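Asker: Handing you this structure, nothing more for now.
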Amino acid sequence: MEKDLKPVIQVKNVNKSFGENHVLRDFSMEVLPGENLVILGKSGSGKSVLIKCIINLIQPDSGQIIVLDHDINELDQDELDRLRAKVGFLFQSNALYDSMTVRENLEFPLRIHWTKEERAKNAENAVKEALEDVGLAHTVNMMPSELSGGMRKRIALARALILNPSVILYDEPTTGLDPITAREISELMMEVQKKYNATSVIISHDLNCIRITSNRVIMLIDGRCYADDTFENLRLSKDPKIREFFD
Amino acid sequence: MKLNFPNIEKNQFLNEIGDISRFTARFFREVSKPKQEYREFINQCYWIGYKTLTLVGITAFIMGLVLTIQSRPTLVEFGAESYLPSMVSVSLIREIAPVITALICAGKIGSGMGAELGSMRVTEQIDAMEVSGTNPFKYLVVTRVMAATLMVPVLSSLANAISLYGGYLGVNIRGQVSWHLYWFQVFGVLDFSDMLPSLVKTFFFGFAIGIIGTYKGYNSTKGTEGVGRSATTAVIVASLLVFIIDLIAVQITDILGLT
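Chains L and E are the protein sequences, given in the same order. So the mapping is simple: this note's numbering equals the position in the first sequence, first residue as 1, plus 8. So the mapping is simple: this note's numbering equals the position in the second sequence, first residue as 1, plus 23.
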């Protein structure tokens, strides 16, 4: 990565606690355009809290978060909604709306960000294209309950892509999937990253997924950035705390 | 270390009251803002109103029938059998039909809202809605509370009519009262002061059921266990509130001289 590129995401000295549990301690990081950054850490280490702070689903206690040149703490609700349209979020649990079909799930973000005319003209094609990108065009009228775990993950990814986001946040994208499906999802993430030229932040502790997807890995330990390097360099590290993840 | 359990429970209770008050205040703020989710509101009216109609109708019919059959022996004992339609209709319209309808709605609608929103909360669907730019409070809470506030009075009015019809059949099981005479007696004894307070309080019943059901679901935590707890407590609190509102309504009606 070139050093003079302007970061897409900047997290500066962020702290977040839940009661006595200090999840993030003076945490800082930057994500450059087109980068695939993986945040690696144990369960409960604050990875999901960090990614939710980036999209302002959780407000940090202190510190600054800048996404696509916007300080998210200074945005009003309309500005935040407009920014969120440029950020796709793949939830750990997929978060597909149970009561809606696949089509309605994918169209849901459009109802806010597109006008009625735009929806009438382009929604059908947008849904079709997003589903084709994840290889599930035939599921358009199915309910989420009729889909397998891997299919639901793909549909959730299609929904995250529907607004052509500049940034995609993945919260443990391969958790709960068998190794083959997990690999397929990791490869799919790479494909969409290339097609949409998006910057990705991936929360994961699945080493295969990290190996396939990452340009850079940040290791989160005790709420702090413990290491920041490539997957290969971390894999070869002799630091006992880093070795815990690879052994 | 000294543990003082009653104080802990008292604080939790007061905190809960405070949270529900803030939730209700937010409801009024969101209602007053433009851009309402009319489509979802209509959808919820269908689910709350139409889908509860059969249950309410059957219950109301049995209620009218049973009340009439049970009341007959006492009236016969006093030689006042001819007052049966009048007595049953006043009991049904003023009190029994609205309260039983509200309790059925608290059970079906309250638990449904608690479970649905609770499940959406723990599976991050509410977060997904927020990320997509939709205001989840407006989309999920405002529409459901408004639909419950509107539909419970409609269901209660239908329950009134169906229970009176049940009463007619009840009267005729062991007696002989013509269709015209029955309704003549029913409407002869009912007046404005019976109908209006009964209708007005059902709006409050509906509002309370909607607020409690959505509050419990929207603030659900602790996974599937929390969803179950949200559904159960929504029914308990909403049912309790129905009785409290009924008590207050009776007092107000009494003070206003509408008894």
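Ideal Cβ placement from N, Cα and C applies to all residues, glycine included. Quick caveat: nothing in here was measured; it's all calculated off a predicted structure.
If you reduce the DSSP assignment to three classes, tell me which class L213(E) lands in.
Answerer: The residue you call residue 213(E) lines up with position 190 of the second sequence. It is coil, neither helix nor strand.
Asker: If you draw a straight line from the C-alpha of G193(E) to the C-alpha of F64(E), how long is it?
Answerer: Your numbering for residue 193(E) matches position 170 in the second sequence. Your numbering for residue 64(E) matches position 41 in the second sequence. C-alpha separation (whole angstroms): 38 Å.
Asker: Mind checking which residues open and close the alpha helix (DSSP H) that includes K136(L)?
Answerer: Along the first sequence, read from residue 1 onward, the residue named residue 136(L) stands at position 128. Start and end: 124-141.
Asker: Does DSSP put S212(L) in a helix, a strand or coil?
Answerer: As a working mapping, residue 212(L) is identified with position 204 in the first sequence. Looking at S212(L) - three-state DSSP - the assignment turns out to be coil, as it is neither helix nor strand.
Asker: DSSP on F26(L), reduced to helix/strand/coil?
Answerer: By 1-based counting over the first sequence, the position of residue 26(L) is 18. F26(L) falls in the strand class under three-state DSSP.
Asker: How far does the beta strand (DSSP E) with G52(L) in it extend, from its first residue to its last?
Answerer: To locate residue 52(L), count along the first sequence from 1; it is residue 44. Run containing G52(L): none; DSSP gives neither H nor E here.
Asker: Do we get a CB-CB distance below 8 Å when we pair L65(L) with the residues of chain E?
Answerer: Here residue 65(L) refers to the residue found at position 57 of the first sequence. Output row for L65(L): interface = yes.
Asker: Note down the Cα distance separating M136(E) from A261(E), rounded to an integer number of angstroms.
Answerer: Indexing the second sequence from 1 puts residue 136(E) at position 113. Indexing the second sequence from 1 puts residue 261(E) at position 238. The straight-line gap from Cα to Cα measures roughly 12 Å.
Asker: Please identify the residue among A120(E), I123(E), A125(E), L88(E) whose C-alpha is closest to the C-alpha of L107(E).
Answerer: As a first step, residue 107(E) is located in the second sequence; it is residue number 84 there, counting from the start. Comparing Cα-Cα distances from L107(E) to each of A120(E), I123(E), A125(E), L88(E), the minimum goes to L88(E).
Asker: Short of 7 Å in beta carbon distance, which residues of its chain neighbour F226(E), apart from the five on each side in sequence? Order them along the chain.
Answerer: On the second sequence, position 203 is the one that residue 226(E) refers to. Excluding residues within five positions, the ones whose Cβ falls inside 7 Å are T172, P176.
Asker: For L254(E), collect the residues of the same chain with a Cβ closer than 6 Å to its Cβ; drop the 5 residues on either side in sequence, then sort them by chain order.
Answerer: For the purposes of this step, residue 254(E) is identified with residue 231 of the second sequence, where counting begins at 1. According to the sequence as given, residue 254(E) is Ala; it is not Leu. For A254(E), where only same-chain residues beyond five positions count, the Cβ hits under 6 Å are S134, G137, A138.
Asker: Since G72(E) meets chain L, which of its residues come closer than 7 Å, beta carbon to beta carbon?
Answerer: Within the second sequence, numbered from 1, the residue matching residue 72(E) stands at position 49. Within chain L, no residue comes near G72(E); the closest Cβ sits about 17 Å away, beyond 7 Å.
Asker: Using three-state DSSP, classify A235(L) as helix, strand or coil.
Answerer: The residue labelled residue 235(L) in the question sits at position 227 within the first sequence. The answer is strand: DSSP assigns A235(L) an E or B state.
Asker: Quick check on this structure: which residue in L178(E), A103(E), F228(E) has the alpha carbon closest to the alpha carbon of I71(E)?
Answerer: Mapped onto the second sequence, residue 71(E) falls at position 48. It is L178(E) whose Cα lies nearest to the Cα of I71(E).
Asker: Let me check understanding here. Comparing Cα to Cα, which of V110(L), L215(L), M37(L), H78(L) lies closest to R162(L)?
Answerer: Taking the first residue of the first sequence as position 1, residue 162(L) is located at position 154. Taking only the C-alpha atoms, the option nearest R162(L) is V110(L).
Asker: Counting Cβ pairs closer than 8 Å, one from the stretch 176-195 of chain L and one from the stretch 89-104 of chain L, do we hit at least three?
Answerer: At 8 Å Cβ cutoff, the stretches touch.
Asker: Mind checking who T207(L) pairs with in its DSSP beta bridge?
Answerer: Here residue 207(L) is taken as the residue at index 199 of the first sequence, counted from 1. DSSP output for T207(L) lists V175(L) as bridge partner(s).
Asker: Name the chain L residues whose beta carbon is nearer than 9 Å to that of D42(E)?
Answerer: Counting from one through the second sequence, the residue named residue 42(E) turns up at place 19. Residues of chain L passing the Cβ test: none, with the nearest at roughly 17 Å.
Asker: Which same chain residues end up closer than 7 Å to I63(L) when comparing Cβ atoms and leaving out the 5 residues on each side of it in sequence?
Answerer: Taking the first sequence and counting its residues from 1, one reaches residue 63(L) at position 55. Here the set comprises R92, V95, F97, L177.
Asker: If I'm right that Y241(E) touches R117(E) with Cβ under 8 Å, what's the distance once you round it to whole angstroms?
Answerer: Reading the second sequence from its first residue, position 218 is the one you call residue 241(E). Reading the second sequence from its first residue, position 94 is the one you call residue 117(E). The Cβ separation is near 34 Å, so there is no contact.
Asker: Candidates D269(E), D217(E), D277(E), V265(E): which alpha carbon is nearest C128(E)'s?
Answerer: By 1-based counting over the second sequence, the position of residue 128(E) is 105. Of the listed residues, the one whose Cα sits closest to C128(E) is V265(E).
Asker: With a threshold of 7 Å on Cβ separation, who are the neighbours of R52(E) within its own chain once the five nearest residues in sequence on each side are excluded?
Answerer: Stepping through the second sequence from its first residue, residue 52(E) is reached at position 29. So no residue of the chain qualifies.
Asker: Indicate whether at least one CB of chain L lies closer than 8 Å to the CB of T166(E).
Answerer: Walking along the second sequence from the start, residue 166(E) turns up at place 143. No, because no Cβ of chain L sits closer than 8 Å to the Cβ of T166(E).
Asker: Could you name the residues of the same chain whose beta carbon sits closer than 6 Å to that of G189(E), not counting the 5 residues immediately before and after it, in chain order?
Answerer: Position 166 of the second sequence, counting from 1, holds the residue named residue 189(E). If we look at G189(E) and ignore the five residues flanking it on each side, its Cβ neighbours are F84, G87, L88.
Asker: Please list the segments of the alpha helix (DSSP H) lying wholly inside the stretch 100-124 of chain L, counting only runs of 4 or more residues, in order along the chain.
Answerer: Here the runs fully enclosed are 110-115, 118-121.
Asker: With a cut-off of 8 Å, do at least 3 Cβ pairs link the stretch 116-124 of chain L to the stretch 139-159 of chain L?
Answerer: No, they do not touch.
Asker: Give the single residue among G141(E), I185(E), R95(E) whose Cα lies nearest to the Cα of A120(E).
Answerer: Indexing the second sequence from 1 puts residue 120(E) at position 97. It is I185(E).
Asker: Quick check on the DSSP output: what are the complete beta strand (DSSP E) runs of length 3 or more inside the stretch 52-78 of chain L, in order along the chain?
Answerer: Fully enclosed beta strand (DSSP E) runs of 3 or longer: 70-75.
Asker: Measure the alpha-carbon distance for Q72(L) versus Q18(L) and round it to whole angstroms.
Answerer: Taking the first residue of the first sequence as position 1, residue 72(L) is located at position 64. Taking the first residue of the first sequence as position 1, residue 18(L) is located at position 10. Their Cα atoms are separated by approximately 8 Å.
Asker: Excluding the five sequence neighbours on either side, which residues of its own chain have a C-beta within less than 8 Å of the C-beta of I267(E), listed in chain order?
Answerer: Position 244 of the second sequence, counted from the start, is the residue given in the question as residue 267(E). There are no such residues.
Asker: Shortest alpha-carbon distance to D167(L) belongs to which of N113(L), H213(L), T189(L)?
Answerer: For the purposes of this step, residue 167(L) is taken as the residue at position 159 of the first sequence. In the sequence as displayed, the identity of residue 167(L) is Arg instead of Asp. When each option's Cα is compared against that of R167(L), the closest is N113(L).
Asker: Roughly how many angstroms separate the alpha carbons of G80(E) and L126(E), rounded to a whole number?
Answerer: Position 57 of the second sequence holds residue 80(E). Position 103 of the second sequence holds residue 126(E). Going by the C-alpha atoms only, they are around 14 Å apart.
Asker: Hey, L90(E) and L115(E): beta-carbon distance below 8 Å or not?
Answerer: For this step, residue 90(E) is matched to residue 67 along the second sequence. For this step, residue 115(E) is matched to residue 92 along the second sequence. Closer than 8 Å, so yes.
Asker: Identify every run of the beta strand (DSSP E) within the stretch 40-88 of chain E, keeping only runs that are complete inside it and at least 3 residues long; order them along the chain.
Answerer: Counting whole runs of 3 or more residues, the stretch 40-88 of chain E contains no beta strand (DSSP E) stretch at all.
Asker: Going by DSSP in three states, M227(L) sits in which element: helix, strand or coil?
Answerer: Walking along the first sequence from the start, residue 227(L) turns up at place 219. Three-state DSSP puts M227(L) in a strand.
Asker: In the DSSP assignment, find the unbroken beta strand (DSSP E) run with L155(L) in it and report its ends.
Answerer: Here residue 155(L) is taken as the residue at index 147 of the first sequence, counted from 1. That residue, L155(L), is in no beta strand (DSSP E); it is neither H nor E in DSSP.
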